[in-house]
């Protein structure tokens with residue numbers, strides 16, 4: 060019997076849009092389509108082979124119609140930037156249950172050029188609209204300030220630790236021709252950068268770009284018969300969770316419950332330990348978020364994340380290579396970054412990354428959604444079991 064975990068489900072196609080960064084030539088839907096076609100070509104499949112579609116916007120049925128797909132399974136789960144981790148998890152469950160045979164997960168955002176972007180306004184009747192937005196907590200950099208300061212204060216850390224995260228991420232982007240920020244930087248330069256919202260300076264905030272990506276999933280058994288079967292990446296485990304839409308109402312602003320719960324389930328379902336992880340993709344929309352993830356996922360103890368990064372453990376040659384594409388701080392960030400974190404994990408496990416690790420058998424991918432609202436975790440492997 061096929062399971063959604065333990066390597067029974069494989070990613071057989073993975074690709075980003077032909078270019079990422081500034082793409083005023085394509086609309087949001089166009090970015091979805093370009094990424095989808097690239098991923099299908101990577102898998103050696105066509106739109107006629109797809110019977111399941113998942114996306115976080117536009118509607119999955121809009122994407123399927125645009126690509127000429129007649130799906131029997133649809134997923135429009137939208138929980139912000141980690142939606143794609145959940146899509147992979149949901150697709151795996153659907154394939155294991157027989158609800159779909161081959162699922163296409165797509166992403167595309169014109170975050171910088173704003174071509175084909177639907178207007179957005181906070182719902183004044185929502186809890187966020189009533190109790191946060193009216194006080195100015197509408198943007199990520201303003202909403203994240205309180206928990207970031209709480210995190211640093213409780214652990215005796217400083218803004219220098221945030222700057223070290225930026226520097227570590229930038230080292231991975233220097234040789235990546237697709238990275239948006241490739242200029243070397245130092246802790247002093249990061250701290251001296253233009254202030255955005257205390258404690259953040261500009262480089263502590265993600266880049267703003269256009270782009271997209273797509274994934275194709277099917278059973279490991281079918282993957283073996285595909286042209287790219289020897290490049291398949293397998294899902295060992297996964298987890299998802301949510302705490303709530305209000306950052307101000309987190310049970311503990313210094314630790315995110317959804318990270319802990321989703322991460323624990325991913326480790327448990329995969330049957331691995333932290334020592335088994337060769338590579339970590341930790342969603343880094345802002346410099347403090349990977350520090351939360353390192354602690355909440357259990358890779359380091361409470362209060363140890365800042366020094367762990369500062370000592371070079373997440374950089375080249377470190378004990379836990381992290382965000383090896385440059386991350387959302389340097390590589391790309393269209394608004395929802397989770398797809399790009401998965402893409403880099405797949406590249407590393409395939410041996411196709413720009414900054415390829417000497418050993419990459421298991422990658423842990425951690426996403427965050429809607430500030431501190433939702434979380435998704437994936438354990439991916441180059442080996443089926």
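In the numbering used here, the protein residues as written are 60 to 444. Beta carbons are placed, not taken as given, at the ideal position from N, Cα and C, and that holds for glycine.
Beta-carbon proximity check, residue i vs residue j, cutoff 8 Å
i	j	result
residue 428	residue 142	yes
residue 155	residue 68	yes
residue 263	residue 346	yes
residue 127	residue 150	no
residue 91	residue 271	yes
residue 440	residue 66	yes
residue 274	residue 348	no
residue 102	residue 76	no
residue 62	residue 169	no
residue 304	residue 204	no
residue 78	residue 171	no
residue 214	residue 362	yes
residue 256	residue 200	yes
Of the listed residues the options, nearest to residue i (C-alpha basis)
i	options	result
residue 292	129, 80, 410 and 110	410
residue 265	390, 168 and 289	390
residue 353	425, 60 and 326	425
residue 281	413, 161 and 231	161
residue 343	193, 204, 356 and 392	392
residue 442	195, 235, 405 and 414	405
residue 375	180, 158, 169 and 234	234
residue 384	94, 188, 237 and 209	237
residue 329	159, 223 and 444	444
residue 70	144, 196 and 255	144
residue 19	420, 395 and 397	The question about residue 19 has no answer, for the chain in this structure spans 60 to 444.
residue 111	158, 394 and 181	158
residue 446	323, 320, 325 and 355	The structure shown does not extend to residue 446, since the chain spans only 60 to 444, so no value can be given for it.
residue 175	82, 181 and 137	82
residue 423	136, 134, 202 and 324	324
residue 308	118, 202 and 179	202
residue 287	254, 84 and 104	104
residue 80	182, 125 and 173	173
residue 319	302, 283 and 331	302
residue 341	403, 283, 84 and 125	403
Rounded distance between the beta-carbons of residue j and residue i, thought under 8 Å
i	j	result
residue 89	residue 433	About 27 Å separates the two Cβ atoms, so there is no contact after all.
residue 312	residue 206	4 Å
residue 295	residue 146	Incorrect: roughly 17 Å between the Cβ atoms, too far for contact.
residue 300	residue 317	4 Å
residue 246	residue 260	The pair is not a contact, with the Cβ atoms about 11 Å apart (cut-off 8 Å).
residue 399	residue 379	The Cβ separation is near 19 Å, so there is no contact.
residue 397	residue 435	7 Å
residue 388	residue 228	5 Å
residue 74	residue 97	4 Å
residue 365	residue 220	3 Å
C-alpha gap between residue i and residue j, whole angstroms
i	j	result
residue 438	residue 99	23 Å
residue 72	residue 267	26 Å
residue 337	residue 120	37 Å
residue 431	residue 198	13 Å
residue 279	residue 193	49 Å
residue 401	residue 339	10 Å
residue 369	residue 109	45 Å
residue 290	residue 371	30 Å
residue 285	residue 240	36 Å
residue 415	residue 191	42 Å
residue 218	residue 258	7 Å
residue 224	residue 132	40 Å
residue 412	residue 177	33 Å
residue 196	residue 208	15 Å
residue 123	residue 277	17 Å
residue 373	residue 321	22 Å
residue 418	residue 333	15 Å
residue 136	residue 116	9 Å
residue 381	residue 226	12 Å
residue 306	residue 367	26 Å
residue 180	residue 60	46 Å
residue 283	residue 231	33 Å
residue 148	residue 130	18 Å
residue 189	residue 254	28 Å
residue 134	residue 118	9 Å
residue 326	residue 377	22 Å
residue 125	residue 182	29 Å
Every unbroken alpha helix (DSSP H) within the stretch 393–434, with a cutoff of 4 residues, ordered by chain: 397–409
If you scan the stretch 200–258 from start to end, which runs of the alpha helix (DSSP H) of 4 or more residues do you find wholly inside it? 204–214, 218–232 and 246–250
Run through the stretch 329–361 for me and flag every whole beta strand (DSSP E) of 3 or more residues, listed as ranges in chain order. 338–341
Just list the beta strand (DSSP E) runs in the stretch 100–128, keeping only unbroken ones of 3 residues or longer that don't cross its boundaries, in chain order. 111–114
Which runs of the alpha helix (DSSP H) spanning at least 4 residues fall entirely within the stretch 281–332, listed in chain order? 316–329
Completely contained beta strand (DSSP E) runs for the stretch 132–210, where each covers 3 or more residues: 132–134 and 162–169
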